[in-house]
Amino acid sequence: MTDLLAIGTRKGLWLARSEDDRRSWTLDGPHLLAQEVAAVSIDTRRPRPRVLAGIQYGHWGPTVTWTDDLGGSWNETEHGAIHFPEEAGAAVARVWQLRPDTAERPDVVWAGAEPQSLWRSTDGGCSFELVRGLWDHPHRPTWEPGGGGGAVHTVLPDAASDRVTVAMSTGGVYVSEDGGEKWEPRNKGITVTFGPDPLPDYGQCVHKVAVDASSPDRMYAQNHFGVFRTDDAGVSWTSIADGLPADFGFPIVSSPHTSGTAWVIPLVADMQRVPPDGRLRVHRTRDAGGTWTELGDGLPDGNWSAVMRDAFCADDHDTTGLYFGTRDGCVYASADEGDTFTLVADHLPDVLAVRAAALP
Amino acid sequence: MSVEVILPGVLADLAGGSKHLQVEVRGATVADLLDTLAADHPLLARRIRDETGQVRRFVNVYVDGDDVRFQQGVATPIPDGTVVQVLPSVAGG
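The structure is reproduced here in structure tokens:
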């Protein structure tokens, strides 16, 4: 079995492969050299795995490209994979998220983009259509851009229903129960530090959301200050930050198999986006945020970098593998749920997105 | 009406490999020229302007040596025989 790790960076994409159950990795690249790759996914639902990349051609604008031969050739839809209809009066600035739907909807791929918008593809990611229900939401004019731009950066389709959950910065968490037609904000309990109301209905800067293995109703959120859990599909959120050295950060990853297990990578604060004391560490909970354990075997001290919201992921092995990349171009992998880490790559450009999959 | 379009090397592959195009324009403005290019070379046209029809922020279009941003934008006239040059602006990192 081959394990594939796709690494999107500010200046290209690298593909790492492991043939020995994730103990060692061979790096292949750069692909898409000089293109910013802010979103990447590996779609294993197809006869041949498809790697999708949300790229920014620098001067020449954003699009989605894909390869069905692991980087041997890259394809681009002739008339553009993702662009607003003329009446929207907007232009896609960056693709922030590419999310294949479930095996039951094999050609459906979701995209989140800047400005805050959700997109749906029914041809495997070759072309996307704007989800008008969210775009036309009356709240949209009040969604402010964060420092990196205003974007839908998290898309979580539910395998067993028509529920779709998105998160955006800013805006917060919105949920549709009908596949994207109607949307409602679900942010009760998630705090805001950058406005006069600490608990608004919407407008939060939620950095990332992950779904627990046990139920789609249980989710975890890394917020712009604060780590939260919901057990009722976002209707209410409670803090689970006690025990962490800092409650700021960008990614949050959940176990695909073990309920209650999730990981974060804390940073000091919004004005100090570095690991506490320069110690790059992953923190793991086994009890849905009740307690946290620091994991650092194989990770460096004296590190003043940061991990971006999509630069941390898990694979689907029974014993979960973890992967993350830093803004100083290092990529780390763990084959044992974070107990130990090994260095996969270093000296790459800023790592923006990583995704891993075992290839059939 | 015929104009000459000069492309940077990185865009030439999207126009059949040529950096110099002689384009029969259906219309009289830069926007008309870009519409004509879009019909023949859709990927090339998307590199130059976004879906609102505006020239991308870090792309410069010159009509006989003058930046259209300081003229009438994509409404800038292009008389017969005009030379239109597309260049990436000073940007990057």
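Chains as they are written, first to last, in this note's numbering: chain A, -17 to 342; chain B, 430 to 522. A virtual CB, placed ideally from N, CA and C, is assigned to each residue, including glycine.
When the distance is taken between beta carbons, is K170/A closer than 8 Å to V209/A?
No, the pair does not count as a contact, with Cβ atoms beyond the cut-off.
Taking only three categories from DSSP, how would you classify H299/A?
Coil at H299/A, not helix or strand.
Using the Cα positions of T59/A and P178/A, report the straight-line distance between them to the nearest angstrom.
Taking the straight line joining both Cα atoms gives about 45 Å.
Which chain B residues sit within Cβ distance under 9 Å of W42/A?
Per Cβ cutoff of 9 Å: V439, L440, R475, R476, I477, R485, F487, V488, P517.
Just reading off the alpha helix (DSSP H) that W117/A is part of, what are its end residues?
It spans 114 to 117 - the alpha helix (DSSP H) in which W117/A sits, taken as one unbroken run.
Within the 8 Å Cβ cut-off, does A444/B reach chain A?
Not an interface residue.
Put P167/A into one of helix, strand or coil per three-state DSSP.
Reduced to three states, the DSSP call for P167/A is strand.
Roughly how far, in whole angstroms, is the beta-carbon of P82/A from the beta-carbon of V91/A, given that I think they are within contact range, below 8 Å?
With a Cβ gap of about 5 Å, P82/A and V91/A count as contacting.
Roughly how many angstroms separate the alpha carbons of V459/B and R102/A, rounded to a whole number?
Approximately 33 Å between the Cα atoms of the pair.
Using alpha carbons as the reference points, say which of T308/A, E319/A, S55/A, A327/A lies closest to D279/A.
The option with the nearest alpha carbon to D279/A is E319/A.
Listed from N- to C-terminal order along the chain, which residues in the stretch 100 to 114 of chain A have their beta-carbon within a distance smaller than 9 Å of any beta-carbon of chain B?
If the cut-off is 9 Å between Cβ atoms, the stretch 100 to 114 of chain A has nothing near chain B.
At which residues does the beta strand (DSSP E) containing A(-12)/A begin and terminate?
-16 to -9 is the extent of the beta strand (DSSP E) around A(-12)/A.
With 8 Å as the threshold, decide whether the Cβ of A73/A is near any Cβ in chain B.
For A73/A, the answer is yes, since a Cβ of chain B falls inside 8 Å of its Cβ.
Which same chain residues, not among the five before or five after A203/A, have their C-beta less than 6 Å away from its C-beta?
Here the set comprises V188, V191, F210.
Can you give the Cα-Cα distance for T147/A and L138/A, rounded to whole angstroms?
C-alpha separation (whole angstroms): 5 Å.
What's the gap between the Cα of L249/A and the Cα of I172/A?
Cα to Cα, the separation comes out at about 18 Å.
What does A520/B reach in chain A if we use C-beta pairs closer than 7 Å?
The contacting residues are H41.
Strictly below 9 Å CB to CB, what residues from chain A border T481/B?
Ordered by position in chain A, the residues that pass the 9 Å Cβ test against T481/B are F66, E68, A70, G71, A72, A73.
By how many angstroms is the C-alpha of A16/A removed from the C-alpha of V439/B?
For V439/B and A16/A, the distance between alpha carbons rounds to 12 Å.
Within the 8 Å Cβ cut-off, does L462/B reach chain A?
Chain A, which has no Cβ nearer than 8 Å to the Cβ of L462/B, makes this no.
Is any beta-carbon of chain A found at less than 8 Å from that of L466/B?
For L466/B, the answer is no, since every Cβ of chain A falls outside 8 Å of its Cβ.
Taking V517/B as the reference, which of R76/A, R87/A, H41/A, G271/A has the closest Cα?
Per the sequence shown, residue 517/B should be read as Pro rather than Val. Closest by alpha carbon: H41/A.
Since S23/A and R337/A are thought to touch, with beta carbons under 8 Å apart, how far apart are those beta carbons, to the nearest angstrom?
Contact holds; Cβ gap of about 5 Å.
Distance check for H470/B and P12/A, CA to CA, integer angstroms please.
Straight-line Cα distance between these residues: approximately 27 Å.
Strictly below 7 Å CB to CB, what residues from chain A border L450/B?
Correct list: empty, because the minimum Cβ distance to chain A is about 17 Å.
Compare the Cα-Cα distances from D144/A to each of G132/A, G129/A, E163/A, V155/A and report the closest residue.
Cα-wise, what sits closest to D144/A is E163/A.
Is P471/B close to chain A? Criterion is C-beta to C-beta, closer than 8 Å.
Answer yes: the Cβ-Cβ gap between P471/B and chain A drops below 8 Å somewhere.
Within 8 Å, do at least three Cβ pairs link the stretch 69 to 89 of chain A to the stretch 118 to 128 of chain A?
They do not touch, by the three-pair rule.
For the stretch 52 to 129 of chain A, list the beta strand (DSSP E) runs that are entirely contained and at least 3 residues long, ordered along the chain.
Whole beta strand (DSSP E) segments, 3+ residues: 76 to 82, 91 to 96, 99 to 103.
Report yes or no: do three or more beta-carbon pairs, one from the stretch 324 to 334 of chain A and one from the stretch -10 to -2 of chain A, lie closer than 8 Å?
Touching, per the Cβ criterion.
For S316/A, list the residues DSSP reports as bridge partners.
Note: S316/A sits in a beta bridge opposite L304/A.
Using a C-beta to C-beta distance shorter than 7 Å, which residues of chain B count as neighbours of G61/A?
Residue 61/A is actually His in this sequence, not Gly. P471, listed in chain order.
Out of G154/A, R114/A, P182/A, R200/A, which one is the CA nearest neighbour of D160/A?
Among G154/A, R114/A, P182/A, R200/A, the Cα nearest to that of D160/A belongs to R114/A.
For W245/A and P29/A, what's the separation of their Cα atoms in angstroms?
Spanning the two alpha carbons is a distance of roughly 31 Å.
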